[in-house]
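Under this note's numbering, the first residue of the sequence shown is numbered 202, with each subsequent residue one higher.
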Amino acid sequence: CFAYNSKTICFIYNVDQHIINTKNKAFSILTSYRKIYSQKKTTPIYTSLALFIIFIPILYIQIYLLVKQINYITSPLYTLVSHMKKISSNVFEEIPLPKKRFDEFAFLIIQFNKMQKQLEHRTLLLKYQERYDTFKKVSSRFAHEIKNPLTPILLSCELIEKKYPYDDKFKTYLFNKISIIKQNVETIKENIGKFYSFSDVDSNLSNKVPVIEFFNNLKNYWNSDYININLQLPADDIYVAINQENFESCFNNLIINSYEAAISAQIKKVEILIKITTENEKIVILFSDNGPGVEDSISSSIFEPYFTTKESGSGIGLSIVKSTFESANGTLVFLGNNYLNSETYRGATFQIEIPAGK
């Protein structure tokens with residue numbers, strides 16, 4: 202049909218059915234193509250949006266887990282580096298072990314803490330050794346310089362006593378003053394002897410001391426209404442390689458310290474435990490008392506020369522004791538207060554290790 206002069210003219214003719222079917226199929230295919238083409242333009246937009254909504258949170262979660270894993274690995278390393286810097290400044294702080302962590306880094310932290318403790322101990326020993334060497338030189342020279350003029354003073358006093366007329370009315374007064382001078386000179390000489398002992402303790406390596414006999418004699422000497430020494434000795438007699446006189450002086454010093462500390466704490470009777478065992482060809486001696494113990498603030502200083510909490514005293518007693526044992530290839534350490542967890546011996550506990558005599 203078509204229009205012509207405002208009129209529609211139509212031609213009607215017969216068409217083969219096969220052609221009509223072919224036309225319908227072509228039209229159907231064209232319609233389907235248009236739908237597919239239309240969907241092809243709109244699908245990427247929705248697909249991209251869906252992918253963005255789904256995968257972006259997943260990406261964030263993966264990044265978070267990755268960062269957390271990295272921190273889990275690197276955090277101990279940063280902590281180790283930080284503590285290494287502190288060690289370079291002689292600051293030793295133990296690294297706390299992370300909870301619920303038993304991997305290689307936990308093992309590394311444990312080993313680092315052990316190494317740090319050993320390094321701290323060696324640093325303290327080095328500082329003490331430096332102070333000890335310096336004081337040893339100074340004390341030797343000091344003792345020598347003071348001892349020289351004491352001899353002529355004593356000789357002069359003795360000459361005055363011999364030459365002075367016995368019938369003089371000032372004899373009693375003069376002799377009294379001479380006696381005071383001599384007593385004080387002897388006191389000075391005794392203190393100088395301590396300095397010599399401190400500066401020359403290498404003579405300790407000469408004797409063997411029978412342990413059981415020595416400590417039984419020590420107990421019999423000191424036991425009284427004010428001091429009680431309890432001994433725990435080995436069954437078989439053993440020997441320590443040290444000069445007996447110096448060995449006795451060391452324990453006398455420790456006993457006197459215990460007694461004076463107990464008196465200051467108004468403890469009426471001093472209870473002392475001396476426990477002796479053997480370990481790897483060494484004699485291990487624990488010395489504990491029932492005194493007030495040693496305050497934490499001063500425990501690291503008690504072996505330093507001239508350190509004392511007493512109103513009177515030279516402050517070199519424990520220094521001499523420590524140096525005496527060390528010169529005999531032994532050690533003296535303070536273990537702490539109430540180390541034995543005892544109702545009786547709640548005071549300070551010292552440990553002495555010294556080679557066994559052969």
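Beta carbons: idealized from backbone N, C-alpha and C, even for Gly.
As the structure is a prediction and not an experimental result, all values here were calculated from the model.
- When only Cα atoms are considered, M285 and S543 end up about 39 Å apart.
- G558 and Y540 have their C-alpha atoms spaced approximately 28 Å apart.
- D490 is not a Cβ neighbour of A529, given a cutoff of 9 Å.
- Assignment of D490 by DSSP, reduced to helix, strand and coil, places it in the strand class.
- Secondary structure note for I464: its alpha helix (DSSP H) is the uninterrupted segment 445 to 465.
- Taking all protein chains shown into account, E505 has 16 or more neighbouring C-beta atoms within 10 Å of its C-beta and is therefore buried.
- N272 counts as exposed, since fewer than 16 other C-beta atoms from the protein chains shown sit within 10 angstroms of its C-beta.
- Cβ contact annotation for T280 (same chain, cutoff 7 Å, sequence separation greater than five): I296, in chain order.
- Taking C-beta separations shorter than 6 Å and ignoring five residues to either side along the sequence, the partners of I484 in its chain run V441, I555, A557, following chain order.
- In the three-state scheme derived from DSSP, where H, G and I count as helix and E and B as strand, N408 is classed as coil.
- Cβ neighbours of E321 within its own chain (closer than 6 Å, five residues either side excluded): F293.
- In this structure, G537 lies away from T545, with their beta-carbon atoms at least 9 Å apart.
- Cβ neighbours of I443 within its own chain (closer than 7 Å, five residues either side excluded): N405, N408, V410, A529, I555.
- Rounded to the nearest whole angstrom, the C-alpha separation of I254 and K300 is 37 Å.
- DSSP places V471 inside the beta strand (DSSP E), whose first and last residues are 471 to 480.
- Excluding the 5 residues flanking it on each side, N424 has same chain C-beta neighbours closer than 7 Å at I430, in chain order.
- For P493 against A466, the beta-carbon gap comes to about 4 Å, under 8 Å, which counts as contact.
- Residues P411, V412, I413, E414 of the same chain have their beta carbon placed closer than 8 Å to that of D438, with the five preceding and five following residues left out of the count.
- When only Cα atoms are considered, Y261 and S276 end up about 22 Å apart.
- Within the same chain, Cβ atoms closer than 7 Å to the Cβ of S500 are found at F535, the five residues on either side in sequence being excluded.
- One thing to note: F313 has its Cβ no nearer than 9 Å to the Cβ of I274.
- For the set L360, T324, T532, the Cα lying nearest the Cα of C451 is the one of T532.
- When the five nearest sequence neighbours on each side are left out, the beta carbons in the same chain lying within less than 6 Å of the beta carbon of G548 are those of D490, N491, G492, G494, in order along the chain.
- With distances taken between CA atoms, I521 lies nearest to F448 out of Q384, F448, L419.
- Check the Cα spacing between L278 and each of L432, L298, S229, T373: the tightest is with L298.
- In the three-state scheme derived from DSSP, where H, G and I count as helix and E and B as strand, T324 is classed as helix.
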